[in-house]
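Structure first, then comments.
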Amino acid sequence: MPTDPHSPTKAPTLRFLDRPEGRIAWTSEGPDDGPTLVLVPGMGDLRSTWRDLVDPLVTAGHRVVRTDLRGHGDSGTTFATHGDLATGGDLLALVETLGGAPVVLVGSSMGAAAAAWAAAERPDLVAGLVLVGPVLRDRPMPAVAAAAMRAATRLLFARPWGARAWTRYYGGPLTKGTRGPWLEEHLADVHASLREPGRLRSFRDLAVQLTHAPVAARLAEVHAPAIAFVGDHDPDFADVPAERAWIEETLGAEVVAVPDAAHYPQHQRPDVVVPRTLTFLARLPRRADGGFAVTAPAEPPSARPGPDTTDRPERGAGA
Numbered sequence: 001m002p003t004d005p006h007s008p009t010k011a012p013t014l015r016f017l018d019r020p021e022g023r024i025a026w027t028s029e030g031p032d033d034g035p036t037l038v039l040v041p042g043m044g045d046l047r048s049t050w051r052d053l054v055d056p057l058v059t060a061g062h063r064v065v066r067t068d069l070r071g072h073g074d075s076g077t078t079f080a081t082h083g084d085l086a087t088g089g090d091l092l093a094l095v096e097t098l099g100g101a102p103v104v105l106v107g108s109s110m111g112a113a114a115a116a117w118a119a120a121e122r123p124d125l126v127a128g129l130v131l132v133g134p135v136l137r138d139r140p141m142p143a144v145a146a147a148a149m150r151a152a153t154r155l156l157f158a159r160p161w162g163a164r165a166w167t168r169y170y171g172g173p174l175t176k177g178t179r180g181p182w183l184e185e186h187l188a189d190v191h192a193s194l195r196e197p198g199r200l201r202s203f204r205d206l207a208v209q210l211t212h213a214p215v216a217a218r219l220a221e222v223h224a225p226a227i228a229f230v231g232d233h234d235p236d237f238a239d240v241p242a243e244r245a246w247i248e249e250t251l252g253a254e255v256v257a258v259p260d261a262a263h264y265p266q267h268q269r270p271d272v273v274v275p276r277t278l279t280f281l282a283r284l285p286r287r288a289d290g291g292f293a294v295t296a297p298a299e300p301p302s303a304r305p306g307p308d309t310t311d312r313p314e315r316g317a318g319a
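Residues in the sequence shown are numbered from 1 upward in steps of one, following UniProt numbering.
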């Protein structure tokens with residue numbers, strides 16, 4: 001995959017974060033000493049999904065760090081463990097690599113769930129959350145139906161048709177409504193990436209392992225300010241208004257209804273997401289050096305023995 005060909009500024013340097021099972025790809029744009037945002041995409045997507053947010057955020061003085069999921073984009077394909085907790089652990093490790101100062105986590109779909117888990121796990125590192133098309137809980141279904149869904153997922157995303165099946169779904173129901181001017185280019189990049197050795201297998205492993213239950217169980221522990229963007233046509237939710245109300249009640253988040261958008265408001269309706277995000281960021285507390293600050297008391301990490309997010313796979317079906 002080319003090194004971030006979609007950056008509205010010059011292409012940033014591709015860097016890697018070493019994790020026990022492999023390497024996570026990331027890039028950084030904007031001033032190194034600026035208030036930092038770490039952006040993570042969702043399942044089957046690339047860090048270039050955030051293309052429309054980068055330039056406005058950098059122009060506002062922020063450092064914008066984008067990362068690929070395990071097995072996706074430019075990240076390694078050696079990972080056996082995937083899912084919300086694994087991704088959340090990668091985000092926290094990246095924040096520590098960046099210096100350990102509080103950041104705002106920006107997540108799409110399951111990336112939003114990973115960001116929320118990270119905020120519960122390390123509140124001292126997360127000053128705020130921007131959640132786009134956030135899938136924070138599993139749809140209720142009988143165990144038999146969940147098992148059938150996992151079996152169907154293995155078949156649907158098998159070679160040789162798996163990459164095409166996903167990009168058709170991405171370019172169909174997941175982007176119903178307004179379509180960004182560079183969507184076809186992005187879909188071509190997603191398809192080409194999934195055809196690289198090991199990537200379709202990684203995507204399939206993630207889809208089969210994914211469950212949001214561990215995240216839903218910890219949402220009451222999230223105290224970071226949050227804003228959530230939910231498209232009117234998002235097919236991941238059986239009842240979109242009810243999901244918005246649940247997110248608002250559960251996280252105390254500011255929830256923005258995004259008209260004429262489905263699962264990816266970040267590139268379907270950047271005219272909504274960008275200004276509301278900038279307004280949200282402007283309201284967050286800052287340190288004396290201008291960086292984001294965590295004002296709520298945070299329990300010391302040593303007092304919170306968290307789960308091993310690298311070596312224990314998550315099992316179950318999820319959105």
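By construction, the Cβ of each residue, glycine as well, lies at the ideal position given by its N, Cα and C atoms.
Given a cut-off of 8 Å, decide if residue j and residue i are closer than it, judged by their beta-carbon atoms.
{"i": "G111", "j": "R63", "result": "no"}
{"i": "residue 405", "j": "G22", "result": "For the chain, the structure presents residues 1 to 319; residue 405 sits outside this window and is missing."}
{"i": "R204", "j": "T250", "result": "no"}
{"i": "R47", "j": "P41", "result": "yes"}
{"i": "L281", "j": "V104", "result": "yes"}
{"i": "G44", "j": "V215", "result": "no"}
{"i": "D52", "j": "I24", "result": "no"}
{"i": "I247", "j": "P173", "result": "no"}
{"i": "P199", "j": "H72", "result": "Contrary to the premise, residue 199 reads as Arg rather than Pro in this sequence. Yes; because the gap between Cβ atoms is below 8 Å, this pair is in contact."}
{"i": "D239", "j": "H263", "result": "no"}
{"i": "Q268", "j": "G177", "result": "yes"}
{"i": "A217", "j": "A253", "result": "no"}
{"i": "R286", "j": "S202", "result": "no"}
{"i": "V126", "j": "A113", "result": "no"}
{"i": "P102", "j": "A288", "result": "no"}
{"i": "A115", "j": "L91", "result": "yes"}
Per DSSP, which residues does residue i bridge with? Please list them.
{"i": "P272", "result": "Rather than Pro, the amino acid found at residue 272 in this sequence is Val. For V272, which the question treats as bridged, DSSP gives no partner whatsoever."}
{"i": "I24", "result": "L17"}
{"i": "F157", "result": "Answer is none; F157 lacks a bridge partner."}
{"i": "V103", "result": "V126"}
{"i": "E29", "result": "V64"}
{"i": "S108", "result": "V132"}
{"i": "G231", "result": "V258"}
{"i": "L37", "result": "V64, V104"}
{"i": "R286", "result": "F292"}
If you drop the 5 nearest sequence neighbours on each side, which residues of the same chain put their C-beta closer than 6 Å to that of residue i?
{"i": "L39", "result": "W50, R66, V106"}
{"i": "A298", "result": "Confidence is the limiting factor: at A298 the pLDDT is only 49, short of 50, which leaves the residue's position unreliable, though a coordinate-based value still follows. Contacts found: P123, D124."}
{"i": "R15", "result": "W26"}
{"i": "R195", "result": "A163"}
{"i": "V256", "result": "F229, R276"}
{"i": "E185", "result": "none"}
{"i": "W182", "result": "none"}
{"i": "T309", "result": "Bear in mind that a pLDDT of 37 at T309, under 50, signals an unreliable position, so the model cannot answer this."}
{"i": "G61", "result": "G34"}
{"i": "L37", "result": "H62, V64, V104, V106"}
Got a sec? Which residues, its chain only, sit under 7 Å from residue i by beta carbon, not counting five neighbours each side?
{"i": "E221", "result": "A120"}
{"i": "P259", "result": "D232"}
{"i": "residue 338", "result": "Absent from the model: residue 338. The displayed extent of the chain is 1 to 319, so no value can be given."}
{"i": "D74", "result": "M1, L14, A25, D68"}
{"i": "Q266", "result": "T49, W50, D52, L53, S108, V132, V273"}
{"i": "F157", "result": "A165, W166, L200, F203, R204, A207"}
Apply the 10 Å Cβ neighbour rule to residue i and answer buried if 16 or more other Cβ atoms are within range, or exposed otherwise.
{"i": "D236", "result": "buried"}
{"i": "T13", "result": "exposed"}
{"i": "R159", "result": "exposed"}
{"i": "L155", "result": "exposed"}
{"i": "R137", "result": "buried"}
{"i": "G76", "result": "buried"}
{"i": "D33", "result": "exposed"}
{"i": "T175", "result": "buried"}
{"i": "G88", "result": "buried"}
{"i": "R283", "result": "exposed"}
{"i": "T59", "result": "exposed"}
{"i": "T295", "result": "exposed"}
{"i": "R304", "result": "Unreliable placement is indicated for R304, whose pLDDT of 41 sits below 50; the coordinate value is still reported in the next sentence. Counting Cβ neighbours within 10 Å, R304 comes out exposed, since fewer than 16 surround it."}
{"i": "A224", "result": "buried"}
{"i": "D18", "result": "exposed"}
{"i": "A151", "result": "exposed"}
{"i": "A148", "result": "exposed"}
{"i": "A261", "result": "buried"}
Does residue i get closer than 8 Å to chain C when you measure Cβ to Cβ?
{"i": "T78", "result": "Among the chains in the structure shown there is no chain C, since it carries only a single protein chain."}
Flag residue i as yes when its Cβ comes closer than 7 Å to any non-hydrogen atom of the ligand SAH, and as no otherwise.
{"i": "L187", "result": "Looking for the ligand SAH in the displayed structure turns up nothing, as the structure carries no ligands at all."}
Can you give me the Cβ contacts of residue i inside the same chain, cut-off strictly under 8 Å, excluding the 5 residues immediately before and after it?
{"i": "G99", "result": "none"}
> Okay, do the segment 93-101 and the segment 128-138 touch, 3+ Cβ pairs below 8 Å being the bar?
Replying inline: Taking a contact to require three or more Cβ pairs closer than 8 Å, the segment 93-101 and the segment 128-138 do not qualify as touching.
> Between the segment 197-215 and the segment 70-84, do three or more beta carbon pairs fall short of 8 Å?
Replying inline: Between the segment 197-215 and the segment 70-84 there are three or more inter-stretch CB-CB distances shorter than 8 Å, so the stretches are counted as touching.
> So does the segment 162-171 actually touch the segment 142-153, counting three or more Cβ pairs closer than 8 Å?
Replying inline: The answer is no - the segment 142-153 does not touch the segment 162-171, with fewer than three Cβ pairs under 8 Å.
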